[in-house]
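There are 2 protein chains.
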Amino acid sequence: MTLILSNEDVDKLLTMPECIDALEEAYVELAEGRGITRTRSDCITPTKRPDAVYGLKSMDGVCPKLGVGAVRINSDIVTFPKKGNTVVREKVPAAPGNRWVGLVLLFSVDNGEPLAIMPDGVMQRMRVGATNGLGIKYLARENAETVGILGSGWQAGSQLMAACAVRDIKEIRCFSPTRANREAFAGEMTEMLGVEVRAVDQPEDAIKGADIAMCSSSSLDHIFFAPWVKTGMHMTSIKRPEIEMDALRKADRVVIHNHDEKPIHVMTRDLANAENAKDQGWNSVGDLDFAKLPTLPDLIVGRAQGRQSDREITCFLNNIGLGYQFAAVGAAVIKKAKDGGLGHELPTDWFTEDVHP
Amino acid sequence: MTLILSNEDVDKLLTMPECIDALEEAYVELAEGRGITRTRSDCITPTKRPDAVYGLKSMDGVCPKLGVGAVRINSDIVTFPKKGNTVVREKVPAAPGNRWVGLVLLFSVDNGEPLAIMPDGVMQRMRVGATNGLGIKYLARENAETVGILGSGWQAGSQLMAACAVRDIKEIRCFSPTRANREAFAGEMTEMLGVEVRAVDQPEDAIKGADIAMCSSSSLDHIFFAPWVKTGMHMTSIKRPEIEMDALRKADRVVIHNHDEKPIHVMTRDLANAENAKDQGWNSVGDLDFAKLPTLPDLIVGRAQGRQSDREITCFLNNIGLGYQFAAVGAAVIKKAKDGGLGHELPTDWFTEDVHP
Chain A
510 MTLILSNEDV DKLLTMPECI DALEEAYVEL AEGRGITRTR SDCITPTKRP
560 DAVYGLKSMD GVCPKLGVGA VRINSDIVTF PKKGNTVVRE KVPAAPGNRW
610 VGLVLLFSVD NGEPLAIMPD GVMQRMRVGA TNGLGIKYLA RENAETVGIL
660 GSGWQAGSQL MAACAVRDIK EIRCFSPTRA NREAFAGEMT EMLGVEVRAV
710 DQPEDAIKGA DIAMCSSSSL DHIFFAPWVK TGMHMTSIKR PEIEMDALRK
760 ADRVVIHNHD EKPIHVMTRD LANAENAKDQ GWNSVGDLDF AKLPTLPDLI
810 VGRAQGRQSD REITCFLNNI GLGYQFAAVG AAVIKKAKDG GLGHELPTDW
860 FTEDVHP
Chain B
510 MTLILSNEDV DKLLTMPECI DALEEAYVEL AEGRGITRTR SDCITPTKRP
560 DAVYGLKSMD GVCPKLGVGA VRINSDIVTF PKKGNTVVRE KVPAAPGNRW
610 VGLVLLFSVD NGEPLAIMPD GVMQRMRVGA TNGLGIKYLA RENAETVGIL
660 GSGWQAGSQL MAACAVRDIK EIRCFSPTRA NREAFAGEMT EMLGVEVRAV
710 DQPEDAIKGA DIAMCSSSSL DHIFFAPWVK TGMHMTSIKR PEIEMDALRK
760 ADRVVIHNHD EKPIHVMTRD LANAENAKDQ GWNSVGDLDF AKLPTLPDLI
810 VGRAQGRQSD REITCFLNNI GLGYQFAAVG AAVIKKAKDG GLGHELPTDW
860 FTEDVHP
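Here the protein sequences come in this chain order: A and B. The first sequence runs 510 to 866 under the working numbering. The second sequence runs 510 to 866 under the working numbering.
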């Protein structure tokens with residue numbers, strides 16, 4: 510049977526510590542060349558809505574040790590509205606019922622069969638959080654206990670879950686441009702984490718004195734600046750442009766997620782020619798040579814050095830997502846789903862065939 | 510509703526002339542930069558079966574004019590057995606029920622929604638046939654009436670369907686290494702096409718005197734050789750290595766499908782280091798500069814010149830498949846499926862989500 514899971518199912522099946530463990534094991538495989546990942550690609554065209562573009566995004570990865578190959582697909586109507594002082598990348602829920610479209614398909618490395626199909630939302634959020642959590646685990650001070658976070662969205666929640674999973678966090682301060690959002694977020698997260706999350710009115714108030722400074726926004730502009738960097742701090746970001754270059758330069762060590770410099774961009778001719786479509790935030794970090802920076806998998810297997818003293822300033826840049834993350838986390842979800850009786854079971858025959866393709 | 514179609518459904522919905530028309534229209538869009546396609550990628554790892562590898566292949570394409578984006582995925586257990594004198598690439602039906610795994614997912618460019626999911630088999634075969642059919646339409650002599658084909662498999666059938674759709678074919682001769690296969694194929698195709706297909710004992714007997722020489726094998730070695738090339742002939746191949754370089758050099762004009770030189774190959778370290786896994790048949794055509802050859806879309810929009818006389822020797826090399834083909838042909842299938850009442854309708858909500866991914 511091929512399992513159709515919902516985001517609610519995945520949410521029930523996947524805890525943050527499990528997600529972190531799954532990725533940590535899988536990154537060892539990746540570092541050793543036994544796991545593989547195919548650079549994300551974005552196909553971008555016009556769509557009927559004139560202020561939007563259509564994006565068909567995909568990324569693949571295979572982890573033979575865990576027995577799973579994954580393809581993650583997003584079919585997005587994307588807009589670039591201005592929020593506060595920054596331009597953000599915002600997907601419009603344009604599918605029937607005002608919904609977004611993201612899917613993860615999981616396959617068996619042993620016999621090729623389609624194991625499961627599910628929306629990507631919960632899994633993609635958890636793997637971003639877990640990845641930055643591993644950055645904290647391997648780079649932040651052991652005694653780090655205060656977090657400042659910029660952002661109060663869906664991603665920010667899993668960032669905090671991950672921080673609390675790997676360090677004994679005592680205090681969290683949150684800033685985002687809209688007061689109502691940050692206050693609601695602070696309330697929800699305080700309850701979920703059992704740690705007080707306080708909404709503050711200025712980004713500096715969130716970051717000041719924080720052992721761990723987290724950026725978790727949808728901004729295509731910088732939101733974290735050099736004057737905020739302090740001795741012993743660990744900085745962490747879920748997207749390249751968030752931390753300005755001068756802040757990165759203050760770090761004693763910067764670790765990135767992967768050496769894929771940017772997604773494979775394929776665009777219609779007109780869009781490619783239009784300047785605003787050209788830069789999707791990937792070109793904003795100018796002179797940092799990503800090819801020379803160590804990656805998180807390098808760090809996990811000890812090929813790259815972690816923090817050397819409590820005074821060091823460290824940074825983990827989650828510069829690009831990997832299809833491989835979905836293979837790793839997907840394997841964990843499937844393992845538990847088999848016992849859970851969750852989801853819809855469809856005949857595998859619907860997704861296989863009796864002809865040589 | 511998201512439609513789950515079977516190969517049988519697609520077979521009922523898609524005729525070869527419709528498939529050719531859909532691709533012809535879509536290739537105009539591609540040539541004009543209004544349609545886009547993302548280079549196929551192959552992720553290759555070990556699998557449990559020691560003489561095989563696991564391959565997770567994907568390709569994407571979007572045709573805004575037809576309103577459809579497509580992702581085609583193959584999850585294959587691949588072996589490289591020797592058949593006769595040639596090494597072939599053979600996918601093992603290892604999924605439950607001895608089945609293969611290939612899927613096409615179709616999405617709306619207008620609102621992103623998942624329109625349909627189906628096995629890729631019938632569609633992929635038809636689009637290969639139709640693509641080579643367009644090569645014949647634009648390059649073979651108008652009065653071409655004899656076909657010689659090397660190969661008697663699943664692909665060979667759609668090659669003949671396509672040839673008969675674009676030219677008034679009177680005679681077909683077929684060779685493949687196994688007598689029983691070629692004879693069964695000849696019988697079936699004679700009945701289907703209403704044109705006599707004759708099985709012959711030597712490849713030369715199939716090709717001699719043919720106006721159109723078709724290669725349609727799973728071979729990773731050359732199967733068509735220079736001495737067989739004759740004045741006025743059109744040669745056509747579904748894979749790069751089939752026609753040897755000396756034969757290609759005899760052509761007055763060679764047109765390829767696309768400038769993607771080869772798939773994006775991502776392999777585990779050990780496989781990448783192993784010579785036999787390195788060359789999947791893509792490096793076999795040594796000194797032909799594909800970047801300078803015109804493509805089929807160029808030819809269709811008149812940017813590249815077609816045949817100039819009955820004496821010219823022409824060649825169409827279907828050098829690589831495109832995700833874009835599945836968007837084009839998928840749009841045609843969906844359009845007809847809506848009237849047909851075929852397939853299983855699943856709630857679109859199963860494949861969408863209420864969270865921003």
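Even glycine gets a Cβ: it sits at the ideal position worked out from N, Cα and C. No experiment lies behind these values; they were computed from the predicted model shown.
Keeping to the same chain, check which residues put their C-beta closer than 8 Å to that of residue i; ignore five residues upstream and five downstream.
{"i": "residue 693 of chain B", "result": "661"}
{"i": "residue 645 of chain B", "result": "653, 671, 672, 675, 676, 721, 743, 745, 825"}
Classify residue i: buried if its beta carbon has 16 or more other beta carbons within 10 angstroms, exposed otherwise.
{"i": "residue 798 of chain A", "result": "exposed"}
{"i": "residue 701 of chain A", "result": "exposed"}
{"i": "residue 783 of chain A", "result": "exposed"}
{"i": "residue 633 of chain B", "result": "buried"}
{"i": "residue 581 of chain A", "result": "buried"}
{"i": "residue 711 of chain B", "result": "exposed"}
{"i": "residue 664 of chain A", "result": "buried"}
{"i": "residue 740 of chain B", "result": "exposed"}
{"i": "residue 697 of chain A", "result": "exposed"}
{"i": "residue 817 of chain B", "result": "exposed"}
{"i": "residue 819 of chain A", "result": "exposed"}
{"i": "residue 668 of chain A", "result": "buried"}
{"i": "residue 718 of chain A", "result": "exposed"}
{"i": "residue 706 of chain B", "result": "buried"}
{"i": "residue 607 of chain A", "result": "exposed"}
{"i": "residue 689 of chain A", "result": "exposed"}
{"i": "residue 636 of chain A", "result": "buried"}
{"i": "residue 812 of chain B", "result": "exposed"}
{"i": "residue 814 of chain B", "result": "exposed"}
How far does the alpha helix (DSSP H) with residue i in it reach, from first residue to last?
{"i": "residue 761 of chain B", "result": "Neither: residue 761 of chain B is in no alpha helix (DSSP H) and is coded neither H nor E."}
{"i": "residue 747 of chain A", "result": "Run containing residue 747 of chain A: none; DSSP gives neither H nor E here."}
{"i": "residue 829 of chain B", "result": "Where residue 829 of chain B is concerned, there is no enclosing alpha helix (DSSP H), given that its DSSP letter is neither H nor E."}
{"i": "residue 701 of chain B", "result": "688–702"}
Establish whether the CB of residue i and some CB of chain A are separated by less than 9 Å.
{"i": "residue 751 of chain B", "result": "no"}
{"i": "residue 746 of chain B", "result": "no"}
{"i": "residue 757 of chain B", "result": "no"}
{"i": "residue 522 of chain B", "result": "no"}
{"i": "residue 547 of chain B", "result": "yes"}
{"i": "residue 603 of chain B", "result": "yes"}
{"i": "residue 652 of chain B", "result": "no"}
{"i": "residue 691 of chain B", "result": "no"}
Give every residue of the same chain whose Cβ lies closer than 6 Å to the Cβ of residue i, excluding the five residues on either side of it in the sequence, and list them in chain order.
{"i": "residue 567 of chain B", "result": "550, 582"}
{"i": "residue 716 of chain B", "result": "657, 722, 737"}
{"i": "residue 786 of chain A", "result": "Residue confidence for residue 786 of chain A is low, a pLDDT of 48 falling below 50, so the modelled location carries little weight and cannot support an answer."}
{"i": "residue 802 of chain B", "result": "763, 765"}
{"i": "residue 603 of chain A", "result": "586"}
{"i": "residue 917 of chain A", "result": "This structure leaves residue 917 of chain A out entirely; chain A is present only between 510 and 866."}
Closer than 9 Å, CB to CB, is residue i near chain B or not?
{"i": "residue 636 of chain A", "result": "no"}
{"i": "residue 849 of chain A", "result": "no"}
{"i": "residue 915 of chain A", "result": "Here chain A covers residues 510 to 866 and nothing more, so residue 915 of chain A does not appear."}
{"i": "residue 569 of chain A", "result": "yes"}
{"i": "residue 590 of chain A", "result": "no"}
{"i": "residue 860 of chain A", "result": "yes"}
{"i": "residue 631 of chain A", "result": "yes"}
{"i": "residue 831 of chain A", "result": "no"}
{"i": "residue 595 of chain A", "result": "no"}
{"i": "residue 599 of chain A", "result": "yes"}
{"i": "residue 867 of chain A", "result": "Because chain A in this structure spans residues 510 to 866, residue 867 of chain A falls outside the shown range and cannot be described."}
Give every residue of the same chain whose Cβ lies closer than 7 Å to the Cβ of residue i, excluding the five residues on either side of it in the sequence, and list them in chain order.
{"i": "residue 628 of chain B", "result": "515, 516, 611, 612"}
{"i": "residue 855 of chain A", "result": "510, 511, 513"}
{"i": "residue 527 of chain B", "result": "841"}
Taking residue i as part of the beta strand (DSSP E), name the residues at either end of that continuous run.
{"i": "residue 608 of chain B", "result": "Neither: residue 608 of chain B is in no beta strand (DSSP E) and is coded neither H nor E."}
{"i": "residue 512 of chain A", "result": "511–513"}
{"i": "residue 599 of chain A", "result": "599–601"}
{"i": "residue 867 of chain A", "result": "What the structure shows of chain A is the stretch from 510 to 866, and residue 867 of chain A is not part of that stretch, so it cannot be assessed."}
{"i": "residue 805 of chain B", "result": "Element bounds for residue 805 of chain B: not the beta strand (DSSP E) but the alpha helix (DSSP H), 805–809."}
{"i": "residue 722 of chain A", "result": "721–724"}
I want to see whether chain D comes within less than 9 Å of residue i, judged by CB atoms only; does it?
{"i": "residue 812 of chain B", "result": "The structure shown contains no chain D; its protein chains are A and B."}
Entirely enclosed alpha helix (DSSP H) segments - the segment 631–682 of chain B, minimum 4 residues
Taken in chain order, the unbroken stretches of alpha helix (DSSP H) that lie wholly in the segment 631–682 of chain B and span 4 residues or more are 663–675.
Which residue spans inside the segment 517–580 of chain A form an unbroken beta strand (DSSP E) run of at least 3?
Complete beta strand (DSSP E) runs here, min 3: 545–555, 562–572.
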